[in-house]
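Before any comments, here is the structure.
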Amino acid sequence: MKRSLAWWLQCAVTLVIAAFLLVPAIQSILAGVTANYFRGLSSGLTLKWIGRVWELYSASIFLSLWLAIACLVVTLVIGVPAAYALARNPGRLSRMLEEFISLPLAIPGLALALALLQLYGTLSGFRTSWTFILVGHVLYTLPFMVRSVLAVLMAMDFRSLEESAATLGASAFTRFRTVIVPNAMPGILAGALTVVTLSIGEFNLTWMLHTPYLKTLPVGLADSYASMRLEVASAYTLVFFAMIVPLLMAMQWASARAQRIAQ
Amino acid sequence: MSDRTFVTACLVPLAVFTLAFLALPLVRLVQASFESEAGWQIYLQILQTPRYLETLVNTVLVSLAVSLAALVLATTAGLFLARNRFIGRGLLLSVLTLPLAFPGVVIGFLIILLGGRQGLFNQLLPGHIVFAYSLTGLFLGYLYFSIPRVLLTVMAAVEKLDPALEEAARTLGASPWRIVIDVILPGLAPSLVAAGAIAFATAMGAFGTAFTLATNIDVLPMVIYTEFTLSANIAMASALSVLLGMVTWALLYVARSFAGTTVAAGG
Amino acid sequence: MTLTIETAAKTFADGTRALCPTDLTVGPGEILSLLGPSGCGKTTLLRIIAGLERPDAGSRIRFDETDVTGLAVEHRNVGMVFQSYALFPNMSVRANVGYGLKVRKVPADERRQRVDEVLRLCRLTDYADRPTHALSGGQRQRVALARAVAPRPKILLLDEPLSALDAALRDSLRDELAAMLRQFRITAVFVTHDQSEAMAIADRIAVMSSGTMLQVGRPEELYHAPANTFVARFIGNAMPLAGQMENGVLHLPGGRLELPASAAGKTAYIRSENIRLDQAGSLEGKVETVTFSGGHFRLAVGGVLPDGSLLYLQHPGRTAPESGSTVRLTIDPSDLIYLADQTSTHS
């Protein structure tokens, strides 16, 4: 079939956008392993800059991983039961509560951080501990966990499953453990990957909440962009990509799977 | 434990966390915005002070431009990717959607690599093309994180379009162009409105990109940041935050009632 | 086990009365069907028996002598087959069937033995380790039944157990289900909107409409002696012969019928299988439509009843009159059912 002009135009737009998104990312990857960025690739490839990043920023990388895991645990403990309770009471009150906990998706992180700082900033033990940043991350990622689990629950006839478990003698907690959680697993998995991915990349809240002794990966990135030579900043970005891209791909795969189930 | 008690107990952790770390801090934020001599009139001050007003207008204009550009570009690409099957389509789709969770700071850095003093364009045409630290850089940075969001929304909507409608139009003799105008765009309209609002709200609240680019263009989140950290004008920072939060929330709320979905803000 | 229901009623939070106060007793090993159109309250009553729905104050549910009204569903020891079967998608057939035993902490080897036995009775042994989504509709239904009976419940409750199947399968599985229920010798209540299903499976049928139990009886009782017009119409589609009664003669637009004296003040009902084409018949009408349905022709005859109502009849034989032709009909008065008009009952 002969392609029309419109087809070629659409194709061109798509490719230009892809190039716009891809080219700088490749640049940063290359710059991170190039001996001297100004002289270009001819200066040779090196892992020197990545080694430098490791010396300077390994603590912030580990802090981010630790925060992401802690954030995941908290969102699981709070979010999964809450999603179940919301699914059980599909009334107006539940809609309002869901809307309210989703506020951190709509309100800029900066505003939320400002709110947290003003209420808890004077509690110095809390203010300077990693749990203060954790609160911010949980605030931002919790709605993703709740919605992801809720969508899967609402799509399956979980009430019938639960009622049949009840007629078979299962108590409320046993039903939750043996029927609800296993069947909500695709939603929990998609939610978990989203939580971890977003927590590792979170900057807006964290920048305001962090202390000089508690720098997360993205805070470290901002620091390197401002004060390090381009190669180090690029190498750090490369390390970040290496962590976040597989997570993102897993997240997209899991979300698509959960969505297929939810339909 | 009875069924009702158990279901209620399931909500307790959420209720406690949300009350302590969302509801109360937001109340405190609103309260703090009233704590200057101006009282509630601080909100009038925003509109009367040229610097704040200019910032507000700038932020709205950039966000509006970004939303429109992202809509046009991502809808074109979204339709193309949804309607064509070819080798490398999956890869292309990944490239176009992966930046979804890139933090704004990283995107700012990527824009510097394109249009900064040591950027790609300045290397190709030395001494002339430096746009990263200007309005253009900000625009491109916002576009970078808006495109994946709009693209995902549009593609989901395209997949939900009933192909029979298009086939019906074709049997009635409509040209491909007329089909786009009469069938596809009206079918996509709710999602386009929603995606546009998401892009707009995200751009309004974006902080990391502007922070990295350190542009000479004042946008609202940067002003809030400087008011808070440099000027220690806490009441004004709070008032601007409340204003910004209300605008983005209202926009996303309207968007959701159009399309029924939310894509993450942030960036 | 004997199930006794006393003045069970259900009013929903919005004030709708789903079930008016109802009494019912189901004897040991008896299979009772709750039959009625959708929204008649039959599923509500079933869910009240199960403990899934809390009845209004004053309701009493007893299993033998034990009052279970306030007992939570998980402590009632009922077996239930859900309309959608509600098989646990995260478990194999064996795990589904064993679930009720597992949550009751039955030891593993005893559990295995019981599950194997039930799987054999339900002819599921070959599918024991399959995931439930890999089963056909009929197999899924048997898993749902096996899972419900495995913990040896006091009573088995079935909510439209055949409605999820396609029509062709439904007829053959109906008889299979009836045979399996009999072999378990367990008190059972099952809900259906399909009268042929109820007749094929149940020992007794309770006909319900608008939250009220209208009549309880054996299938043939309901068929031959319906208590009211709703039951007459719902079971076997009895048609009213609405005409003028004068001195024991019913005057219809298509002719006259002589009725016994006991019919005075009542309306006569007739079923299509009891009307015959007969050259010497006392009624005359015009054939409006003829449809062939395998065993017989179904004729719609106009002009017999007033107000343009059609009279339907079943005509066996290889040929049928063409539509538009005039036919004469005969009705044996002994096939007529006489019922007082009840304005309160819906039709």
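Chains as they are written, first to last, in the numbering used here: chain A, 943 to 1205; chain B, 1423 to 1689; chain C, 1039 to 1385.
For glycine and all other residues, C-beta sits at the position ideal for the given N, C-alpha and C.
Three CB pairs or more closer than 8 angstroms across the segment 951-968 of chain A and the segment 1560-1580 of chain B:
yes
State the DSSP-derived secondary structure class of Cys1058 (chain C), mapped to helix, strand or coil.
strand
Nearest residue (CA-CA) to Arg1185 (chain C), options C:Val1135, C:Arg1149, C:Ala1051, C:Val1229:
C:Val1135
4-residue-minimum alpha helix (DSSP H) runs that sit fully inside the segment 1506-1551 of chain B, ordered along the chain
1511-1519, 1526-1537, 1542-1546
Just the chain A side, please: which residues come within less than 9 angstroms of Ile1468 (chain B) by C-beta, in chain order?
Near Ile1468 (chain B) there are no residues of chain A at all, since even the closest Cβ is about 14 angstroms away, more than 9 angstroms.
Along chain B, which residues have their Cβ under 8 angstroms away from the Cβ of Ala1175 (chain A)?
Phe1531
Closest residue to Val1517 (chain B) among A:Leu957, A:Leu951, A:Leu1172 (Cα-Cα distance):
A:Leu957
Nearest to Pro1393 (chain C) by alpha carbon, out of A:Leu1092, A:Thr1070, A:Ala1108, A:Asp1099?
Here chain C has residues from 1039 to 1385 only, and residue 1393 (chain C) is not among them.
Flag this pair as yes or no: are the beta carbons of Val1365 (chain C) and Leu1349 (chain C) separated by less than 8 angstroms?
no
At a CB-CB cut-off below 9 angstroms, which residues of chain C make contact with Gly1033 (chain A)?
In chain order: nothing, as chain C lies at least about 11 angstroms away.
Can you pull the DSSP bridge partners for Gln1177 (chain C)?
Bridge partners of Gln1177 (chain C): none, in fact.
Should Lys1048 (chain C) go down as buried or exposed, given a rule of 16 or more other Cβ atoms within 10 Å for buried?
buried
Leaving out five residues on either side along the sequence, give the residues of the same chain with a beta carbon under 7 angstroms from the beta carbon of Arg1208 (chain C).
Leu1200
Tell me the DSSP secondary structure of Ser1248 (chain C) in three-state form.
coil
My understanding is that Ala1046 (chain C) touches Ile1086 (chain C), with C-beta atoms under 8 angstroms, so please give their C-beta distance in whole angstroms.
6 angstroms
Give me, in chain order, the residues of the same chain whose beta-carbon lies closer than 8 angstroms to that of Arg1223 (chain C); leave out the 5 immediate sequence neighbours on both sides.
Gly1067
Are the beta-carbon atoms of Ala1654 (chain B) and Val1641 (chain B) separated by less than 8 angstroms?
no
Please state if the CB of Ala1226 (chain C) and the CB of Leu1203 (chain C) are separated by a distance shorter than 8 angstroms.
no
Close beta carbons around Ile1468 (chain B), own chain, < 6 angstroms, minus the five adjacent residues each side
Tyr1474
Mind checking which residues open and close the alpha helix (DSSP H) that includes Phe1042 (chain A)?
1034-1043
Can you check DSSP and say which residues form a bridge with Ile1308 (chain C)?
C:Met1277
Own chain partners of Thr1153 (chain A) with C-beta closer than 7 angstroms, once the 5 adjacent residues on each side are dropped:
Thr1070
Please determine if the segment 1479-1492 of chain B and the segment 1095-1113 of chain A are in contact, where contact requires at least 3 C-beta pairs separated by less than 8 angstroms.
no
Cβ neighbour criterion (16 or more within 10 Å) applied to Gln1194 (chain A):
buried
On a CA-only basis, which of C:Arg1180, C:Leu1057, C:Ser1234, C:Arg1220 is nearest Ala1205 (chain C)? Give me that one, please.
C:Ser1234
Is the number of C-beta pairs between the segment 1102-1119 of chain C and the segment 1085-1097 of chain A that are closer than 8 angstroms three or more?
no
My output table needs one value for Met1127 (chain A): the three-state DSSP class, helix, strand or coil.
helix
Answer yes or no: does any C-beta atom of chain C fall closer than 8 angstroms to that of Leu1103 (chain A)?
yes
Could you please give the first and the last residue of the uninterrupted beta strand (DSSP E) stretch that includes Val1287 (chain C)?
1287-1290
CB of Thr1440 (chain B) within 8 angstroms of CB of Ile1043 (chain A), strictly:
yes
Just verifying my parser: in three-state terms, what is the DSSP assignment at Gly1609 (chain B)?
helix
Nearest-angstrom Cα distance between Leu1374 (chain C) and Gly1249 (chain C)?
28 angstroms
Is it buried or exposed for Gln1442 (chain B), if we count other Cβ within 10 angstroms and need 16 for buried?
According to the sequence displayed, residue 1442 (chain B) carries Ala and not Gln. With fewer than 16 Cβ atoms within 10 Å of its Cβ, Ala1442 (chain B) is classed as exposed.
Given a cut-off of 8 angstroms on the beta-carbon distance, is the pair Pro1371 (chain C) and Glu1296 (chain C) in contact?
yes
Just how far apart, CA to CA, sit Thr1017 (chain A) and Phe1272 (chain C)?
55 angstroms
Buried or exposed: which applies to Phe1508 (chain B), given that a residue is buried once 16 or more other Cβ atoms fall within 10 Å of its Cβ?
exposed
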